[in-house]
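The numbering used here applies: residue 3 is where the sequence shown begins, and numbers increase by one.
Glycine residues also receive a C-beta, built at the ideal position from the N, C-alpha and C atoms.
Reading through the structure tokens given below for one structure.
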Amino acid sequence: MGKFEVRVDGSHLDSLRGDGVIVSTPTGSTSYVLSNGGPVLHPRVEGVVLSYMAPFASIARHYVMPPTSTIEIEPDSRGRHYILVLDGQAKYGVGPGSVIRVTRSPRPARFVRLSKKDPIKHLRDILWEQMR
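Structure below.
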């Protein structure tokens, strides 16, 4: 269990004790955030989800923030080392005194859609798949 200070746009949001913090776009909200009990954002909703992993005595577990927010996560600096995982792929060590800052890129991501799947049907399919 780690301890994290969470700030949004420079304002203190929470002091968290738990296993970690997930920061997600609407696209990512249908995977790790959903499995963590968090909200699923419609693909056309612009926002960022903050989702706490196994929080201990936190006021809230999930937040939805504007996409322009600057989110800062500062792990406890008492000699502990943490791991930052990006999209389940790249892993980076986070040492004492580090601050993780998440901001919106000035370059929007472009997605190739191979079919014209209805976003609501897609969400329903994901939810039903998890129940199997």
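Residue i, buried or exposed, once every other Cβ within 10 Å from all chains shown has been counted against 16
i, result
"GLU74", "buried"
"LEU36", "buried"
"PHE6", "buried"
Contacts around residue i, its chain only, beta-carbon distance under 6 Å, and the 5 residues preceding and following it disregarded
i, result
"PRO28", "LEU43, PRO45 and VAL47"
"ILE128", "THR32"
Boundaries (first-last residue) of the beta strand (DSSP E) holding residue i
i, result
"ALA92", "92 to 96"
"MET67", "64 to 67"
"LEU15", "13 to 20"
Cβ-Cβ distance between residue i and residue j below 9 Å
i, j, result
"TYR65", "SER53", "yes"
"ILE61", "GLY40", "no"
"GLY95", "LEU86", "yes"
"ARG82", "GLY4", "yes"
"VAL8", "GLU76", "yes"
"SER71", "VAL51", "no"
"GLY2", "MET55", "With the chain represented from 3 up to 134, any question about residue 2 goes unanswered, as that position is not in the structure."
"PRO57", "LEU18", "yes"
"GLY97", "TYR34", "no"
Closer than 9 Å to chain C by CB, residue i
i, result
"ILE73", "Any reference to chain C falls outside this structure, which holds one protein chain only."
Contacts around residue i, its chain only, beta-carbon distance under 8 Å, and the 5 residues preceding and following it disregarded
i, result
"VAL104", "VAL25, VAL50, THR72, ILE73, GLU74 and ILE75"
What are the complete alpha helix (DSSP H) segments, minimum 4 residues, inside the segment 29 to 53? Within the segment 29 to 53, the complete alpha helix (DSSP H) runs of at least 4 residues are 34 to 37.
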